[in-house]
Amino acid sequence: TLKNAERYITPELKEHEDKVLHAEERSRARELALFGALRTRAEAAMAELSACAQALAIIDVIAGLAELARTAVWCRPVVDDSGILDLRECRHPVVERVIGHGAFVANDCVLDAVCGLEAQSSELKAPPAPRLAVITGPNMAGKSTYIRQVALAVILAQAGSFVPAASARLGVCDRVFTRVGAGDELARNLSTFMVEMAETAAILNHATAKSLVVLDEVGRGTSTFDGLSLAWAITEHLHDRTRCRALFATHYHEMTDLAEDRPGIGNLTVAVAEQDDDVVFLHRIVPGAAAKSYGIHVARLAGVPATVVARAREVLDSLARLNTELTEAERPAARQSGAVQLTLWAPTDHPAINRLREIDPDALTPKQAQDLLYQLKRMV
185 TLKNAERYIT PELKEHEDKV LHAEERSRAR ELALFGALRT RAEAAMAELS ACAQALAIID
245 VIAGLAELAR TAVWCRPVVD DSGILDLREC RHPVVERVIG HGAFVANDCV LDAVCGLEAQ
305 SSELKAPPAP RLAVITGPNM AGKSTYIRQV ALAVILAQAG SFVPAASARL GVCDRVFTRV
365 GAGDELARNL STFMVEMAET AAILNHATAK SLVVLDEVGR GTSTFDGLSL AWAITEHLHD
425 RTRCRALFAT HYHEMTDLAE DRPGIGNLTV AVAEQDDDVV FLHRIVPGAA AKSYGIHVAR
485 LAGVPATVVA RAREVLDSLA RLNTELTEAE RPAARQSGAV QLTLWAPTDH PAINRLREID
545 PDALTPKQAQ DLLYQLKRMV
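Below, the structure written as structure tokens:
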């Protein structure tokens, strides 16, 4: 009741009120009952539904790959049991889709697990294809894209797909190993370099002669000499012991020397057009070794302040002159001044080393050993 009025209802209003107040509850109960009934029916037909879903998934994958092969102009690969990896005008499927068909620069990749024996015996007398390719070249020129597109083409071919290339022949790979990118794992107390070395160790311990190994700038996360030494030894291991097909992109130009005494290693580089102070990256992979990395040019393109770029050029010129001096007769004088960094593989010819070679430690008395130590100290 109210102060000046009295509330009253009729049976019809009471019934309507009940419907409104309990409609949501009844709706939930009804939904639950219907869902339970549907679940029971689905459970009874689980085998048929699973088979149907699997068939539809297969059809979806095949139809998708077929549509992609038609629209993107992919080719049907030849897959056999040889050691050949021969991709002609290969492209990166993702990058090509982003920049547009026709804008992407296609490249060839030819590797032979038996170091080109088949090519030597052919009528064309083509030069032997390497088993391992060391790829040098400028920053931002396309080295990483190139090695990734080769790995993707192999995976697509062995999955039964057409591949983004003009033609493709692939000797089956048992595994595809990649060491690309960089990142740490702080939660596990692992630095970027430690993660890189752990992944590299897994590759070296598990790769076989039938594997494909793709390495991108392994060794860059530590000092120059440590990184180069590791990259050098890893390449030797893959060539001499694992004997697998491999692509190694690096900025350590010294590694191109490996091809001189190992016929299974070949050098590739990325073509560059240089005019005055401008550099144009052609993104074309060609045989040979890079002369420099053009890192300062890339820094300028990225918007690094002009004063920093100019100073970097000065330092680079200074280091280049120093390196030239150290390879000539002025090396001893430069060493005495303290501003010396020996070339990587130069023989050590220091007088202290020669003196140590002449010593018979078993014939020295304690006093002679002490005097000799002071003598060596003065020599260095």
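In terms of my numbering, the numbers along the sequence shown are unbroken and rise by one, the last being 564. Even for Gly, the Cβ is constructed at its ideal location relative to N, Cα and C.
Neighbour-count burial assignment, residue i, 16 or more Cβ in a 10 Å radius
i: S407; result: exposed
i: T255; result: exposed
i: N373; result: exposed
i: F578; result: One cannot answer for residue 578 here, as it falls past the ends of the chain, which runs 185 to 564.
i: I418; result: buried
i: Y330; result: buried
i: R429; result: buried
i: N451; result: buried
i: Q333; result: buried
i: L481; result: The residue you asked about is not Leu; residue 481 is His in the sequence shown. Classification for H481: buried.
i: R315; result: buried
i: I469; result: buried
i: A241; result: exposed
i: F219; result: exposed
i: T491; result: exposed
Three-state class that DSSP yields for residue i in the structure shown
i: G411; result: helix
i: Q554; result: helix
i: I319; result: strand
i: L396; result: strand
i: R429; result: strand
i: E190; result: coil
i: E570; result: The structure shown does not extend to residue 570, since the chain is modelled only from 185 to 564, so the question has no answer here.
i: N291; result: strand
i: G355; result: strand
i: R495; result: helix
i: F346; result: coil
i: E401; result: coil
i: V360; result: strand
i: V482; result: helix
i: V488; result: coil
Rounded distance between the beta-carbons of residue j and residue i, thought under 8 Å
i: V356; j: Q342; result: 7 Å
i: I339; j: K327; result: Not quite, the Cβ-Cβ distance comes to about 19 Å (not below 8 Å), so this is no contact.
i: M563; j: R539; result: 7 Å
i: A313; j: D296; result: 4 Å
i: L422; j: V397; result: 6 Å
i: A352; j: A335; result: Contact flag wrong, Cβ pair sits at about 13 Å.
i: S395; j: R359; result: 5 Å
i: E401; j: H435; result: 6 Å
Per DSSP, the bridge partner or partners of residue i
i: I268; result: D296
i: P471; result: L452
i: A457; result: V464
i: V612; result: This structure leaves residue 612 out entirely; the chain is present only between 185 and 564.
i: V204; result: Answer by DSSP bridge pairing: none, since V204 is not bridged.
i: V282; result: Looking at the DSSP assignment, V282 forms no beta bridge with any residue, so it has no partner.
i: V245; result: None; V245 has no bridge partner.
i: V263; result: L354
Query raised in the report: Looking at C-beta atoms only, is the number of pairs between the stretch 464 to 483 and the stretch 344 to 351 that lie closer than 8 Å three or more?
Result: no
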